[in-house]
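A.B. asks: In the numbering used here, the protein residues as written are 1284 to 1661.
Attaching a single structure in structure tokens format; questions to follow.
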């Protein structure tokens, strides 16, 4: 079977997504949010079990559904049904009053907890429940519309992207977004816009002014961004999506503007609208092995790691599923013997076995769910 290839730009965009702030929006029954005490494997295991129970209960109103032998068995290995997950730190857990919490998160005295966004495989859950097709939530979702207030700082000039400003940047962002199922809308930058908002408002994150200026645009979501050119030609960015309650944010750096906006669009898509279609590739939901790859410093490194993993014997799909500044977790399908996979990776050039990374003071460096740990040594 031919392995699915991921382009370098796609892989780079996946990797540079920073935690803890990327929160996937909950758009259907397969997306679940659970408040957890920390990012430990124990809390992750509890949360994915809670999440799978919630998904099954939403799809089957029969109160005995959770007592079926195959469902009880699946709950004991609920992590195998997780397609994607991300963490966000929430400084005040009181804002999560309507979000399910693990017992540890509910009992913790500190106000800060973590919000774990889980996305379960629609195909795998359908198979578990004995369905021939994925439970439909309606017709295939159209691209979500996102109003983007974007400030570009370069060469001593500051501009809001929109209207006639920097059409090449607009075109690139629009193309990247459509590839991800997201329709970015830029402001007209007419007199009404300029009277309502300025670059300083966007840069400062003045939410009231941003929302007021956005009211005339009929879009599904609103986001802001700042792209800043640094001395030496490198770039920094910050992104923020305006949501009810918590406003997820994200920052990244890159060697050039194209890499910067590619990563930003990936993050915007993740926080705005993960889409499930009944016609999705079934291979995307196969049980997988999860491997942590740390210390990935460059695009050349991404290319080498991608090639190594794509050449694993009998692997049909390789995809990044966990993202952090220190590294990433790849899901390798179908699931295989850990000994077999270890033997292959141990022989691979540019990879060395390593211990699980230690958590930082916020507990955000531990790749929950990884089974094997390697780091790039090229």
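Cβ coordinates follow ideal geometry from the N, Cα and C atoms, glycine included.
Candidates 1442, 1619, 1325 and 1355: which alpha carbon is nearest residue 1387's?
C.D. replies: Measuring from the Cα of residue 1387, the nearest candidate turns out to be 1325.
A.B. asks: Give the DSSP-derived three-state secondary structure of residue 1341 in the structure shown.
C.D. replies: Reduced to three states, the DSSP call for residue 1341 is helix.
A.B. asks: Assign residue 1381 to one of three DSSP states: helix, strand, or coil.
C.D. replies: Residue state, collapsed to three classes: coil.
A.B. asks: Quick check: the Cα distance between residue 1443 and residue 1515, rounded to an integer number of angstroms?
C.D. replies: Those two C-alpha atoms are separated by around 23 Å.
A.B. asks: Three-state secondary structure (DSSP) at residue 1588?
C.D. replies: Helix.
A.B. asks: With a Cβ-Cβ cutoff of 7 Å, do residue 1430 and residue 1468 count as a contact?
C.D. replies: Cβ atoms of residue 1430 and residue 1468: closer than 7 Å.
A.B. asks: Thinking C-beta only, is residue 1317 closer than 7 Å to residue 1666?
C.D. replies: The chain is shown only over 1284 to 1661; residue 1666 falls outside these bounds and no answer can be derived.
A.B. asks: Any chance you could list the alpha helix (DSSP H) runs of at least 4 consecutive residues sitting entirely within the segment 1434-1521, in chain order?
C.D. replies: The segment 1434-1521 contains these whole alpha helix (DSSP H) runs: 1450-1462, 1474-1479, 1482-1487 and 1490-1497.
A.B. asks: Using the rule of at least 16 other Cβ atoms within 10 Å of the residue's Cβ for burial, across every protein chain shown, is residue 1610 buried or exposed?
C.D. replies: Residue 1610 should be labelled buried.
A.B. asks: Could you tell me the boundaries of the beta strand (DSSP E) in which residue 1402 lies?
C.D. replies: Segment 1396-1403, the beta strand (DSSP E) holding residue 1402.
A.B. asks: Report the three-state DSSP secondary structure of residue 1621 (helix, strand or coil).
C.D. replies: In this structure, residue 1621 counts as helix in the three-state DSSP scheme.
A.B. asks: Measuring CB atoms only, is the segment 1395-1406 touching the segment 1367-1387, in the sense that at least three cross pairs come out at less than 8 Å?
C.D. replies: Yes, they touch.
A.B. asks: Since I believe residue 1634 is in contact with residue 1591 (beta carbons under 8 Å), could you give me their beta-carbon distance rounded to a whole number of angstroms?
C.D. replies: Indeed they touch by this definition, with Cβ atoms about 7 Å apart.
A.B. asks: In this structure, does DSSP put residue 1661 in helix, strand or coil?
C.D. replies: Residue 1661: coil per DSSP, three-state reduction.
A.B. asks: What's the C-alpha gap between residue 1580 and residue 1654?
C.D. replies: Cα-Cα distance, rounded: 22 Å.
A.B. asks: Go ahead and pull the three-state DSSP assignment for residue 1369.
C.D. replies: Strand, per DSSP.
A.B. asks: Taking the straight line between their C-alpha atoms, what separation do you get for residue 1391 and residue 1315?
C.D. replies: Going by the C-alpha atoms only, they are around 21 Å apart.
A.B. asks: Among 1548, 1625 and 1533, which has the Cα closest to the Cα of residue 1574?
C.D. replies: The residue with the shortest Cα to Cα distance from residue 1574 is 1625.
A.B. asks: Short check: CB of residue 1494 to CB of residue 1506, under 7 Å?
C.D. replies: No, these two residues do not count as a Cβ contact at 7 Å.
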